[in-house]
Amino acid sequence: MEFLSFALLILSFAAGEEVQDFPESCQKELQLGSKKYRVTSRTVIHQSCSIHGDVEVELHAPLLFDAVELHGSVTFLATASFHEACLSVAGPMKIHGSVEFRSCRNNATGSPGGAVYVGGDLHVDGSARFQNCHAESAGGAIYVDGDFWQSGGTMQFDNCSAENGGALSVHGGLQQSGGTLSFGGCSARKWGGAIHLEGDLQHSGGSVNVHDCTASEGGGLYLKEHIVDWTAGSMFASNCSSSRGGAMVAKSLVQSGGQLDFESCGASIEAGVLHLQQDLNQTAGSMSFKGGFAAARGGCAIIENRFWQMGGSMLFSNCTSQRSHGGAIHVGHRGFGGLKASGKLTFRGCSSNSGGAIKVTAGGAEFSNGTFLFEDCIADTGGAVSVSAGHFIHSSGSSTFSRCRALTSVGGALKVEGAQSLFKMRGGSMRFSDCWAFSNGGALFVMKGLRQQGGDIELMNCSSTSQGGGIYIGLRDGGNLEQDAGSISLNKCYVAGGDFQFGFGGGISVGDSVRQSGTIRLENCHVEGGSGGGMKVRRMLNVSGSMSFSSCRATKDGGAFTADSVYVEGGAKLSFDKCRAKAGGALKLDMGFEQQGGDVSFRNCSTWNVGAQVLKLMSENARHGRGGGAIWIRNGNLTQTAGGLRFYGCGGVKGGAVYISEGHLILKGGKQDYVECVASSGGGGVFLHKGHVFQQKTDLTFQSCKAQRKGGAVDVSHGSYYQSPGTLLNITKCVARDHGGGLFASESLHLADVDFRENFAWGSGMAAIARDDVVMDSMHFTGDGESVISAPLVVVQKTVNCTASQQCRLRAREVQVNEFLCPIGAGRYKGRLAEGCLPCVAGRVQILEETNASCAPCPSNSFCSAQYLRAFPGYMLSSDNISRMYHCPNSMACPGGDLPNKTKPMCGNGYTGLGCAECETATHGKSDVDILQCIPCANERMHWPLALPVQVSLETLEEKQSNVLLNQFMAFAVVAGSTLSSTMNTKTLKQFSSRNSDIVWWSGLLQPDAGASLECILGYLGLPKTVWHSHLISSVTPVLLMLLFAVIKDVPSALMVGSNCFLPRFWGDVGRFFVCYRIEPEADGGQQICRFLPPQPWALLALFVLLFLGVLLGWWRSVTAAERQRAHVIYLTRGYQPRYASWELERLVRKMVLRLFTALLPVTLFPALHMAGNTLVLLFAWTVHLHVAPYQRAKWNVTEALLLTTALLMTILSNCMIANDSHWGHSVLTQYVLFFVIVSLALVASLVILVMFLLQVYQERFAPQDVEKKTLEE
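Numbers 13 to 1286, taken from our numbering, label the letters of the sequence shown in order.
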């Protein structure tokens, strides 16, 4: 210092500047101007002084004021070391101008303040600079015994040092609302390399810059018992260091704004940047920590009590705790603490032994309403976050963990290790990617349990080398996962590598149980050298939400997960896709599987590496794989009471879908489906090693399942299968290479209703095989089976339905079947060791569906194959007895139907019954002409009349020739119509009519009207449609007309006219009652069927005969001499010679007999007898007329003879046509010629007589008037 003073003196003389002594007194104000001053002795100014000027003061001794204000520019240059501060102010001090202190040193151990000592408060709004100042005590540059206030200006401290507060020591608080505080290269032997405060730091503006400062504690700032309240402004600290709190030590830090940045600060022990004795509270603003380091805990910060972030942001980059906990932050001490973050937290490249980014030792941690990012954080355990006491709670916001690692232990990203600590996920989202742990929990390790009430957890490509590639929960004997809502998703998580040979849970490992109601998804997770490719649960998995496993695999057991037991309930949805393991491709369970609801599905799960869709069975796979392509239950039951359980394309060695080592398959409800499952040994769908199947209420379906050995669908290796009534067992297209294409049981099969469809076995038992008895209620079989079921004893209490199979046999030493239902073309067969349905051989037929009948002989008059039957026209079959062929009385009613297709019906439209001899009562009625013809009741078909109405006037006695012609034509029309009907009923004309319906319609005009049916009128009236009732109703109208005529004229006239008009029809209808027929030959036992007889038929016949005789007697008496002149007698006798007056009686008898033949011998049944009877009647009438000639005029006799001859010729030709039609060698052309001749005769005769009638009518009506007119003119 002496050298420095001498140097300054020489320089001042050389400059020619005069150095004055500093005034020793001040009257409130000193105007020093622009001069240089010196203080050569300790100077005390006891007044409050305001110093102005631009001066430089050389201090050879200290300067003291009671109070001072500095204006202008004042530089204090110490030339020596003192035992007190260069400038001491007993009271307050204010700096408004610019002040500089250089090289001030206070060597007194008990005197604070190297450059300035302020006994009161220090107010700064100007500028101050302190260089190379030192104090042995506190405040290397300034010591303030009161408070420090800065509202502006700049205060710069360079290379200052002290015991405490290397640059600034304030006994009170520091309040900065503006300006700048800058500290560089400052140091303290103890506390606060830059600032030491014994009060609070309140920062509402301005900035604080600290760099390269050091101290034992608080390399930059030290406020051990006080608070930093930061509301605005900024702070930047860099390269600061200490043993604790490399940048700052304080009681608490409260930030509601502003910016705090720390860079490259470190601590040789702990708290590399910030050490807070209590809390850190951030509601706004930002903080950044870069490159902080500590040898022990808290690479960047230690918060002994609570970390509370309600807003703002924090960045921690490359923070390191070399040998302890919390690479960035360590929170909690001695049971107090806790972390709650709601703003933005970012951690990058942080590392430590435990909690690479955050270590919480008390109070737990909670993330909510913020964004939290952890990247490339590393620790021995808990790569990013470690919570050793309290819970970890994620309420909302977003958390992301990327590339975090636990190098030697557990929890690659997050570790919650307290004995009572839980991971609670309440909302928001958490993302873990590329995290890794050496031991357990590649992303997340939780000691006590994980409880999720909402939010989403997603893990991608996380791994470990022991258990839980993504998540590990609990120790060996504890730890639960409870999910009430939200989702957990894992993709490409795995357990692999390291020295562990028994890894578990490629995605999740749970030490106790799982209760799940939300959503869990695992994709592409696996474990090498262990079990549970997706999840490992030590005890029970309880599922009521949604869980899915896709492409998960394990080297050993349980490609998707392993557990003691699984319980599925409610609306759960559990799915497995492409999971694979050595045993239990999807699940490996030690104690059982129970489903009480929901939906569970397995797709393409297997115990080998080949596709399960194709039966590609390799010895290598069979040697290395084990049972249960989807599920392996070691010692327990698979129980289902509700819901759906489905397996698609699964494959295993034993049990393509399910393998139960010791236990039962208990099905109490719901539905199970097995589709395209494959086993390289037994049980394409299910394999039970020791146990039984109890199917009580569940519907069970197997489709396209395959087994290399036995049991294409189910193999009960040491047990039985029990199916209760009311359940469905459907086995379709299942295949076994040895035995039991559908079912195999080493003991017995007790089945209720089974549906076997197209199953196959190269050995025996295409549908099922049992070593003991097979007892069933009923069975449905589809496919061809030489041996459908094979067992020592087969008992079917109801039916075996083989309608979808051409061959179906049950093979046993004893077969007891109540009924076989065979298909069309097959019949029941019974052999010595087999019974079932076999195809019909040639010459036998079976056309019934679902019948227990054997094959029947083919009937005659039919085209017959094993499964098709067609009757020839004129015949019909009944499906009740296809061996009996029935002849149809009316051959036109039977078109030749076929069975069983019924493309053409056995009976024509309107016909029914055996022989098609009955009419459909609802729509048709029996014809009034032919009782074996059925007429549609709704048909209103019009016919040309064959008999014109006769206008008869009994008032005149004039003889009219037209009446004679009309009576002759009507008699001819009766015979002609009957003849044409007989010819139309031949086979030739039937075939012709089917091809030429229009011609047939015109030919029908020449027949008597067959389109009327009185039975239709009975139906309209609601009366029974019977022949008796129709006869009664047909008699009502004639009787009423005769009564009316008797009233108008007299009774004899009414009887005479009525009998002439209505008696032939009445008498002919009597013959309808006595029509009888056969539908089977008499030689084959066919009986006469007389189904039209009225009540008391013989008494009624006797009554009709008496009536007939009475009418004849009445006619005979009417033509006696006493009655001849009466009008009604003249009407009947006027055309005949007097001696043949009763000749009209012959015509009446002839018409009655012809009508009787028409009704009694219908042409549809007896055409030959009908025509023979007509021929005899006509021959008799022709012979008598030629011999007697009864008419008065010769031309009438000629006309009658010609008509009788024509009619007789037509009947003879008709008989020829009928006889020729039944001969095997007849010619169709001949038949057509005969028919043409018959029709021609009828038409020519009708036209001739019609022309004669019309000419005669004209003469009778108009010729007399012409004669009278000529007479008057003359």
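Every residue gets a Cβ at the ideal spot worked out from N, C-alpha and C, and that includes glycine. Here the structure is a predicted model, which means the values were calculated and not measured.
On a CA-only basis, which of the options is nearest residue i? Give me that one, please.
i	options	result
S255	C225, V853, L434	C225
W1040	G937, S618, F1085	F1085
H899	L1056, A566, M888, N893	M888
G481	C564, H1043, G467	C564
P1036	I1224, P1093, L1173, H936	H936
A832	A824, E826, K842, H95	In the sequence under discussion, the amino acid at residue 832 is Phe, which differs from the Ala named in the question. Of the listed residues, the one whose Cα sits closest to F832 is K842.
R825	L850, V612, D784	D784
Q707	T739, K722, S729	T739
Y129	G542, L1026, F160, G269	F160
M603	C537, E540, L677	L677
Q290	G908, F984, S364, L351	L351
G519	G544, A377, S333, A73	G544
R856	P869, G848, E862	P869
So, is residue i buried or exposed, given that buried needs 16 or more other C-beta atoms within 10 angstroms?
i	result
A150	buried
N830	exposed
C617	buried
Y1032	exposed
K774	The amino acid occupying residue 774 in the given sequence is Trp; Lys does not appear at that position. Classification for W774: exposed.
W1013	Residue placement at W1013 cannot be trusted, given a pLDDT of 40 that sits under 50; the coordinates are not used to answer.
T1187	buried
H1043	buried
L627	Low per-residue confidence applies at L627: pLDDT is 40, beneath 50, and the placement is therefore not dependable, though the value from the model is reported in the following sentence. Classification for L627: buried.
H58	exposed
C1102	exposed
L845	exposed
C145	buried
K106	buried
E861	exposed
So the beta strand (DSSP E) residue i belongs to, where does it begin and stop?
i	result
K263	260-275
C820	805-823
L1188	Segment 1179-1200 is the alpha helix (DSSP H) holding L1188; no beta strand (DSSP E) there.
G604	599-615
L1026	Where L1026 is concerned, there is no enclosing beta strand (DSSP E), although the alpha helix (DSSP H) it sits in stretches over 1026-1032.
L419	It is not in any beta strand (DSSP E) - L419 carries neither H nor E in the DSSP assignment.
F379	377-379
A436	The displayed chain sequence assigns Lys, not Ala, to residue 436. Start and end: 434-437.
Y898	893-899
L755	755-757
S250	233-250
Within 7 Å of any Cβ in chain B, is that where the Cβ of residue i sits?
i	result
M982	Absent from the structure: chain B. Only one protein chain is present.
Assuming contact is defined by CB atoms lying nearer than 7 Å, are residue i and residue j in contact in what I supplied?
i	j	result
L1262	M1222	no
L502	V526	no
I1091	L926	yes
G196	D157	no
G304	G311	yes
G204	Y234	yes
S9	S380	Past the boundaries of the shown model lies residue 9; the chain is included only from 13 to 1286, so the question cannot be answered.
K202	S228	yes
M167	A140	yes
S732	S776	no
G395	A425	yes
Q479	G517	yes
Under DSSP, the alpha helix (DSSP H) around residue i begins and ends at which residues?
i	result
K1207	1206-1233
* Asked: Which whole runs of the beta strand (DSSP E) in the stretch 662-725 are 3 residues long or more, in chain order?
  -> 670-674, 677-679, 683-687, 698-702, 705-707, 711-715
* To do: Counting only runs of 3+ residues fully inside the stretch 762-802, write out the beta strand (DSSP E) ranges in chain order.
  => 780-782, 786-802
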